[in-house]
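**Q** With the first letter of the sequence shown counted as 1, position 48 gets the number 48 in UniProt numbering; the numbers rise by one all the way through. Each residue gets a CB set at the ideal place from its N, CA and C atoms; glycine is no exception.
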Amino acid sequence: MFDYTSDLPISEWEIGARVKINFANRLCTGIVVKLSEVKSDTDITKLKAIEEKLDDKKLIPDELMQTLLWVSRYYHHPLGECFQTALPKLLRTGKPAELDKETWWFRTDITVDKKMGSKQQQCLDLLEDYADGISQSMFKQYLGNVSSSLKALETAGLISQQQKAKLPIPSNELNVDLILNQQQQQIVENVWQKKEEFQPFLLEGITGSGKTEVYIELTERVLKTNKQVLILIPEIGLTGQFVERFKKRLNTTIVILNSAVSDKERKQAWLLAKQGLANVIIGTRSAVFTPLINPGLIIIDEEHDSSYKQQDGLRYHARNVALIRAQKYNIPIVMGSATPSLESLYQVKKQRFQLLELTQRAGNAQLPPVRLVDNSQANPEHGFSDVLLKAIKKHLDAGNQIILFINRRGYAPVLMCHDCGWQAKCKHCDARMVVHQHRNILFCHHCGFIQRLVEECPECESKSLKSYGAGTEKIEQHLQKLFPETPVIRVDRDTTQRVNAFSDLIADIKQGEARILVGTQILAKGHDFHDVTLVGVLDTDQGLYSADFRATENLAQMITQVTGRAGRGDKSGEVLIQTEQPAHIFWKNFIKKGYKKTAESLLEERIDMELPPVSNWAVIRAESSDREQATAFLQEFSAQCHQHASEDVLILGPVPAIMEKKGGRFRAQLLLSSAHRKPLHQLLDRHISVISRHKLARKVRWSIDIDPVDLL
Numbered sequence: 001m002f003d004y005t006s007d008l009p010i011s012e013w014e015i016g017a018r019v020k021i022n023f024a025n026r027l028c029t030g031i032v033v034k035l036s037e038v039k040s041d042t043d044i045t046k047l048k049a050i051e052e053k054l055d056d057k058k059l060i061p062d063e064l065m066q067t068l069l070w071v072s073r074y075y076h077h078p079l080g081e082c083f084q085t086a087l088p089k090l091l092r093t094g095k096p097a098e099l100d101k102e103t104w105w106f107r108t109d110i111t112v113d114k115k116m117g118s119k120q121q122q123c124l125d126l127l128e129d130y131a132d133g134i135s136q137s138m139f140k141q142y143l144g145n146v147s148s149s150l151k152a153l154e155t156a157g158l159i160s161q162q163q164k165a166k167l168p169i170p171s172n173e174l175n176v177d178l179i180l181n182q183q184q185q186q187i188v189e190n191v192w193q194k195k196e197e198f199q200p201f202l203l204e205g206i207t208g209s210g211k212t213e214v215y216i217e218l219t220e221r222v223l224k225t226n227k228q229v230l231i232l233i234p235e236i237g238l239t240g241q242f243v244e245r246f247k248k249r250l251n252t253t254i255v256i257l258n259s260a261v262s263d264k265e266r267k268q269a270w271l272l273a274k275q276g277l278a279n280v281i282i283g284t285r286s287a288v289f290t291p292l293i294n295p296g297l298i299i300i301d302e303e304h305d306s307s308y309k310q311q312d313g314l315r316y317h318a319r320n321v322a323l324i325r326a327q328k329y330n331i332p333i334v335m336g337s338a339t340p341s342l343e344s345l346y347q348v349k350k351q352r353f354q355l356l357e358l359t360q361r362a363g364n365a366q367l368p369p370v371r372l373v374d375n376s377q378a379n380p381e382h383g384f385s386d387v388l389l390k391a392i393k394k395h396l397d398a399g400n401q402i403i404l405f406i407n408r409r410g411y412a413p414v415l416m417c418h419d420c421g422w423q424a425k426c427k428h429c430d431a432r433m434v435v436h437q438h439r440n441i442l443f444c445h446h447c448g449f450i451q452r453l454v455e456e457c458p459e460c461e462s463k464s465l466k467s468y469g470a471g472t473e474k475i476e477q478h479l480q481k482l483f484p485e486t487p488v489i490r491v492d493r494d495t496t497q498r499v500n501a502f503s504d505l506i507a508d509i510k511q512g513e514a515r516i517l518v519g520t521q522i523l524a525k526g527h528d529f530h531d532v533t534l535v536g537v538l539d540t541d542q543g544l545y546s547a548d549f550r551a552t553e554n555l556a557q558m559i560t561q562v563t564g565r566a567g568r569g570d571k572s573g574e575v576l577i578q579t580e581q582p583a584h585i586f587w588k589n590f591i592k593k594g595y596k597k598t599a600e601s602l603l604e605e606r607i608d609m610e611l612p613p614v615s616n617w618a619v620i621r622a623e624s625s626d627r628e629q630a631t632a633f634l635q636e637f638s639a640q641c642h643q644h645a646s647e648d649v650l651i652l653g654p655v656p657a658i659m660e661k662k663g664g665r666f667r668a669q670l671l672l673s674s675a676h677r678k679p680l681h682q683l684l685d686r687h688i689s690v691i692s693r694h695k696l697a698r699k700v701r702w703s704i705d706i707d708p709v710d711l712l
């Protein structure tokens, strides 16, 4: 924080307002975080004056300001960058905090005394259904270009116009409310009893059990009390169908906040929420910082998803921030998942979260049976076993859809010379280059380095190059050969980069234009395909042998989520998992007992080993183009901490990262572990300012990651 002066009286200022200031000889946008009168003995000659006052009133409400101060303290991150994360781009660059306006039309009291033209009559009929008026853009969507008709009606005095805030266009077809089953109704009542107090709820519902219907019913109740609902979802790809379900059930203003909307739309949505003109806010991770004037409920869908954790810059976890905001607002928060995180299950065990369970699928749908298939029986050419191929044919003949899941995009993960053993490796990372045959390239999925696909070995000039392993592209290609008459769609990051590409693919799938779907975990989350009756899972064994202690939990979540796509409608489904380790104890326990028992067992292991969520971790990361510098900096950090470290904090390292070289830089990390949060944060608070002034701190990139979810 920096001090500036102003000629305006202190009464003219509010904490949370924006200003234009000169910082390091460039104009920047600042946020007022503290006000103080100048004392007579204070020397202010060296202080700069504020260049311009941008807001007459505070832009950041008190509650959000307090939340951001907490985020800065808890994650040990500069407050300025916390503001950067919370504010839409146009607001953080100093654009006016004003809502975009548009023309709204209203019916007057004057009666029609003559016959109207067809377009004019349609306009009047539409206005009869909307007592609060209709925007120009709504007229255009519903009736096409009717500008001349509206002008004629205005001249006749039958309608009037007014400039009002531009709102998202609502759905013009509302569905009849769905009747909740007994379990769903009981959960809604349990949450509603706590509507006036802070209470975290963990909604554990098996896949297809109707968690979204519970969200909609709760949202509808909150809206009837004239309060707002903030809903977080993990992926942009889930936004379309999720928002559509809410729009078709709720006649209210719903705004979307994610990186796919334009800067202008993001600013408008943020301001609509701040002014209470948006009643439901649906967004991804950063939407957790949306200001709410009258909050009633926060919902986090798929609360276990790792995408809620920011992996660079301000490394916050949206679930934690949402809990803090719900506590400050004194409102309930509902966190739903078919595969709850061990962190949340631990909070249930400690009786800090209340567990709500949905144990039956909506309607008559049943959970599909799961079978293991020995991968040693798979055809080496295309990777499919006879068992899986026969199952695919059977379900295709029945007119159903099939999902084949492999969590690896591209054509093949390894390109190797058959003569000398050379492998295509990234020159910037400790990783192999992945073959993308369709684009004729080798691609590093870690740093983004791309080179043309080589035709001969650079070591021995042999042309005996062969790719090993399979990705979505290779699976898709072989399926098209094996089932030439069947439409195959691939859903991964490569096929969904174009704007609206993902929603277009989902529309094709739901309309039955694709019979076989090949995809990564982007296809596994939250989608509702009623014609999918077979799910085949390929090559998941890597999760059994990862260096990350969370790998088994992640594998169990991923398999549960993807297998949950089968048999969601009236048709029964089945799941086949191809594995090299069919006798592995994980598979035996998982298939016999399911996710719930597997998670309980994993949590007991964590408790016994004093791993998170039982213990609290902070990882100090450093990277440099010089291998020695990153480690040397962390050694200095470690030495500094050891001077005053209590017995409550265990300091481990520094050690090289599991993938030491990435993007041309060498990475190392230092781990701090404690059974209690307080001594861990006290140790960091005590030494961050000292170590940040060390000469090596200016030569390396370094960061602090509180509650890390990825150690790779």
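Name the one or two DSSP bridge partners that GLU623 has.
**A** Position 623 of the sequence shown, counted from the first residue, corresponds to residue 623. GLU623 pairs with ARG667, ARG701.
**Q** Sort out for me which residues DSSP pairs MET335 with in a bridge.
**A** Numbered from 1 along the sequence shown, position 335 holds the residue referred to as residue 335. DSSP, once it has assigned bridges, lists LEU202, ILE300 as partnering MET335.
**Q** Would you check if the distance between the CB atom of VAL373 and the CB atom of GLN561 is smaller than 7 Å?
**A** For the purposes of this step, residue 373 is identified with residue 373 of the sequence shown, where counting begins at 1. For the purposes of this step, residue 561 is identified with residue 561 of the sequence shown, where counting begins at 1. No, they are not a contact pair.
**Q** Pull the bridge partners of residue 714 from the DSSP assignment, please.
**A** Because the chain spans 1 through 712 in this model, residue 714 falls outside it and cannot be assessed.
**Q** Check the C-beta distance from TYR346 over to LEU603 and give it rounded, since I have them as a contact under 8 Å.
**A** For the purposes of this step, residue 346 is taken as residue 346 along the sequence shown, with counting starting at 1. For the purposes of this step, residue 603 is taken as residue 603 along the sequence shown, with counting starting at 1. At roughly 6 Å, the Cβ-Cβ gap stays under 8 Å, so TYR346 and LEU603 are in contact.
**Q** Whole angstroms are fine: how far does the CA of ASP386 sit from the CA of residue 714?
**A** The first residue shown for the chain is 1 and the last is 712, placing residue 714 beyond what the model contains.
**Q** Counting along the chain, where does the beta strand (DSSP E) carrying THR207 start and finish?
**A** Here residue 207 corresponds to residue number 207 of the sequence shown, with the count starting at 1. Here THR207 belongs to no beta strand (DSSP E), and DSSP marks it neither H nor E.
**Q** Measuring CB atoms only, is the region 328–346 touching the region 91–107, in the sense that at least three cross pairs come out at less than 8 Å?
**A** The answer is no - the region 91–107 does not touch the region 328–346, with fewer than three Cβ pairs under 8 Å.
**Q** Is SER149 closer than 7 Å to LYS119 when the C-beta atoms are compared?
**A** The count along the sequence shown starts at 1 and reaches residue 119 at position 119. The count along the sequence shown starts at 1 and reaches residue 149 at position 149. Their beta carbons are under 7 Å apart, which means LYS119 touches SER149 by this criterion.
**Q** Use the C-beta contact count for ASP710: other C-beta atoms within 10 angstroms, 16 or more gives buried, fewer gives exposed.
**A** Here the question's residue 710 lines up with position 710 in the sequence shown. Counting Cβ neighbours within 10 Å, ASP710 comes out exposed, since fewer than 16 surround it.
**Q** Report back the beta-carbon spacing between ALA412 and GLY469 to the nearest angstrom; my notes put them in contact at under 8 Å.
**A** For the purposes of this step, residue 412 is taken as the residue at position 412 of the sequence shown. For the purposes of this step, residue 469 is taken as the residue at position 469 of the sequence shown. Yes, ALA412 and GLY469 are in contact; Cβ-Cβ is about 5 Å, under 8 Å.
**Q** Report back the beta-carbon spacing between LYS274 and ILE293 to the nearest angstrom; my notes put them in contact at under 8 Å.
**A** Locating residue 274 in the sequence shown gives position 274, counting from the first residue. Locating residue 293 in the sequence shown gives position 293, counting from the first residue. The pair is a contact, with the Cβ atoms about 6 Å apart (cut-off 8 Å).
**Q** Does the beta-carbon distance from PRO708 to VAL649 come in below 7 Å?
**A** Looking up residue 708 in the sequence shown gives position 708. Looking up residue 649 in the sequence shown gives position 649. The answer is no: Cβ separation not under 7 Å.
**Q** Less than 7 Å between the C-beta atoms of LEU517 and ILE403, yes or no?
**A** Position 517 of the sequence shown, counted from the start, is the residue given in the question as residue 517. Position 403 of the sequence shown, counted from the start, is the residue given in the question as residue 403. Yes, they are a contact pair.
**Q** Tell me the start and end of each unbroken alpha helix (DSSP H) in the region 71–140 that is at least 4 residues and wholly inside, in chain order.
**A** For the region 71–140, whole alpha helix (DSSP H) runs of length 4 or above, ordered along the chain, are 79–86, 89–92, 118–128.
**Q** Which first and last residues belong to the beta strand (DSSP E) in which PRO679 is found?
**A** In the sequence shown, counting from the first residue as 1, residue 679 sits at position 679. Taken as a continuous stretch (DSSP letters only), PRO679 belongs to no beta strand (DSSP E), being part of the alpha helix (DSSP H) at 677–692.
**Q** Can you tell me the Cα-Cα spacing of VAL491 and ILE509, whole angstroms?
**A** By 1-based counting over the sequence shown, the position of residue 491 is 491. By 1-based counting over the sequence shown, the position of residue 509 is 509. Cα to Cα, the separation comes out at about 10 Å.
**Q** Check GLU357 in the structure and name its three-state DSSP category.
**A** Position 357 of the sequence shown, counted from the start, is the residue given in the question as residue 357. In this structure, GLU357 counts as strand in the three-state DSSP scheme.
**Q** So which of CYS417, LEU442, CYS447, ASN440 has the shortest CA-CA distance to ASP430?
**A** In the sequence shown, the residue the question calls residue 430 occupies position 430. Of CYS417, LEU442, CYS447, ASN440, the residue nearest in Cα terms is CYS447.
**Q** For ASP7, I'd like the list of residues in its chain whose CB is within less than 7 Å of its CB, leaving aside the five on either flank, ordered along the chain.
**A** Taking the first residue of the sequence shown as 1, we reach residue 7 at position 7. Within the same chain, ASP7 has no close Cβ partners at all.
**Q** Three-state secondary structure (DSSP) at THR5?
**A** Indexing the sequence shown from 1 puts residue 5 at position 5. Here THR5 sits in strand by DSSP.
**Q** With DSSP as the reference, label CYS641 as helix, strand or coil.
**A** To locate residue 641, count along the sequence shown from 1; it is residue 641. Correct three-state label for CYS641: helix.
**Q** Does the count of Cβ pairs from the region 340–357 and the region 191–201 closer than 8 Å reach three?
**A** Output reads yes: the region 191–201 touches the region 340–357.
**Q** Figure out for me which residue from ARG439, LEU342, VAL222 has the closest Cα to the Cα of TYR595.
**A** Locating residue 595 in the sequence shown gives position 595, counting from the first residue. Measuring from the Cα of TYR595, the nearest candidate turns out to be LEU342.
**Q** Going along the chain, which residues of its own chain have a beta-carbon closer than 8 Å to the beta-carbon of CYS420, five neighbours each way excluded?
**A** Here residue 420 corresponds to residue number 420 of the sequence shown, with the count starting at 1. Closer than 8 Å at Cβ, skipping near neighbours: CYS457, GLU459, CYS460, SER462.
**Q** For the 8 Å Cβ check, are there 3 or more pairs between the region 62–69 and the region 42–52?
**A** Contact fails: fewer than three Cβ-Cβ distances are below 8 Å.
**Q** Find the nearest neighbour of GLY16 within the set GLY569, SER615, PRO291, LEU576, judged by alpha-carbon distance.
**A** Against the sequence shown, residue 16 aligns to sequence position 16. Nearest option by C-alpha distance: PRO291.
**Q** ARG245 lies in the beta strand (DSSP E); which residues open and close that run?
**A** As a first step, residue 245 is located in the sequence shown; it is residue number 245 there, counting from the start. Not the beta strand (DSSP E): ARG245 falls in the alpha helix (DSSP H), residues 239–247.
**Q** Please determine, among THR225, ASN320, LEU680, the residue with the shortest C-alpha to C-alpha distance to ASN196.
**A** What you label residue 196 is simply residue 196 of the sequence shown in a count that begins at 1. The sequence shown places Glu at residue 196, not Asn. When each option's Cα is compared against that of GLU196, the closest is THR225.
**Q** With a threshold of 8 Å, are at least 3 pairs of Cβ atoms found where one atom belongs to the region 388–407 and the other to the region 617–633?
**A** As far as the Cβ criterion goes, the region 388–407 does not touch the region 617–633, which means the pair count is below three.
**Q** Helix, strand or coil: which one does DSSP assign to LYS57?
**A** If you number the sequence shown from 1, residue 57 lands on position 57. It is coil, neither helix nor strand.
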